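Written out below as structure tokens is the structure these notes cover.
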Amino acid sequence: MRHTGSVAADSDDPLLALYLARRSNLVRFLAARAGSIAAAEDLIQELYIKLAGRERIEDVGNPTALLYRMALNLMLDRARGETRAAVRDTAWRQAVRTEIGGVDIAEEPPADEAAAAAQRMRALIAAVQDLPPQAGRAFRLHKLEGFSQAQTAQTMGLSVKAVEKHVAAALKALTLRLSP
């Protein structure tokens, strides 16, 4: 594979030289089909990368036709990808939404439940902050940040057994404090 990146060296390759000579025409060609100059510029950059990274073909029957076909294929590939993404996104939205009478209904908890959950969260945060320092740190690392007991022990410079004791003590203190 040959990829130089310089215009002078790229002109050694007839297809790259043709690309460079017809770049502005290719942009217009793609912009007319894609509906956007920005999309056309993105596609032109992809085309250059594809051309620069390919095995060089010495004898191309109709290099202009090949260049335009490659550009069109890139545009069609991108359009297919966008269509697949739109179908996938639509299917996901339909799977996770609730509709009544053609109107999307938000699946949020009632205001009183949301307020109660926020109050419980504030109480939990306060209770965790009031834990003894080692127990609080072990609890936060292991239960809230997802560290394993071994990772927590290593981070804190303790044994795994000590971490187990700190986490157990924290859970006991939190349960006693937060129980109704």
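Note that the numbering used here has the sequence shown beginning at 19, numbered continuously upward. Where is the CB? At the ideal position from N, CA and C, for every residue including glycine. All values derive from a computational prediction rather than experimental measurement.
Mind checking which residues open and close the alpha helix (DSSP H) that includes residue i?
{"i": "E117", "result": "Where E117 is concerned, there is no enclosing alpha helix (DSSP H), although the beta strand (DSSP E) it sits in stretches over 116–118."}
{"i": "E182", "result": "178–196"}
{"i": "E59", "result": "55–71"}
{"i": "G154", "result": "151–157"}
{"i": "E131", "result": "129–147"}
Using CA atoms only, rank isn't needed, just tell me which of the options is closest to residue i.
{"i": "Q152", "options": "E163, R140, A171", "result": "A171"}
{"i": "K190", "options": "L159, K179, A168, L149", "result": "L149"}
{"i": "L33", "options": "H184, I75, E131, P198", "result": "I75"}
{"i": "V146", "options": "G119, E64, L85, L194", "result": "L194"}
{"i": "L159", "options": "A97, V121, V185, T108", "result": "V185"}
{"i": "A52", "options": "A156, V114, R98", "result": "R98"}
{"i": "L48", "options": "G79, P81, R96, L36", "result": "R96"}
{"i": "I143", "options": "T173, R115, A180, L162", "result": "L162"}
Using a Cβ-Cβ cut-off of 7 Å (strictly less than) and excluding sequence neighbours within five positions of residue i, which residues of its own chain qualify?
{"i": "A168", "result": "V178"}
{"i": "R72", "result": "none"}
{"i": "R20", "result": "Low local confidence applies: a pLDDT of 38 at R20 is under 50, so the model's placement there is unreliable, with the coordinate-based value given in what follows. Same-chain partners within the cutoff: R74."}
{"i": "E182", "result": "Q167"}
{"i": "A141", "result": "L196"}
Beta-carbon within less than 6 Å of residue i's beta-carbon, same chain only, minus the 5 sequence neighbours each way: which residues are those?
{"i": "A26", "result": "For A26, the pLDDT reaches just 43, beneath the cut-off of 50, and the residue's location in the model is therefore unreliable, leaving the point undetermined."}
{"i": "V45", "result": "A58, I62"}
{"i": "S24", "result": "In this prediction, S24 scores a pLDDT of 45, lower than 50, which makes its location untrustworthy; the coordinate-derived value is nonetheless stated afterwards. Within the same chain, S24 has no close Cβ partners at all."}
If you measure between the beta carbons of residue i and residue j, is that distance less than 8 Å?
{"i": "A89", "j": "L61", "result": "yes"}
{"i": "G154", "j": "A188", "result": "yes"}
{"i": "T82", "j": "L36", "result": "yes"}
{"i": "I123", "j": "E131", "result": "no"}
Only counting the same chain, and skipping five residues up and downstream in sequence, which positions put a Cβ closer than 8 Å to that of residue i?
{"i": "S92", "result": "It is worth fixing the name first, because residue 92 is Leu in this sequence and not Ser. Hits under 8 Å: L61, E64, L65, K68."}
{"i": "Y86", "result": "L44, F47"}
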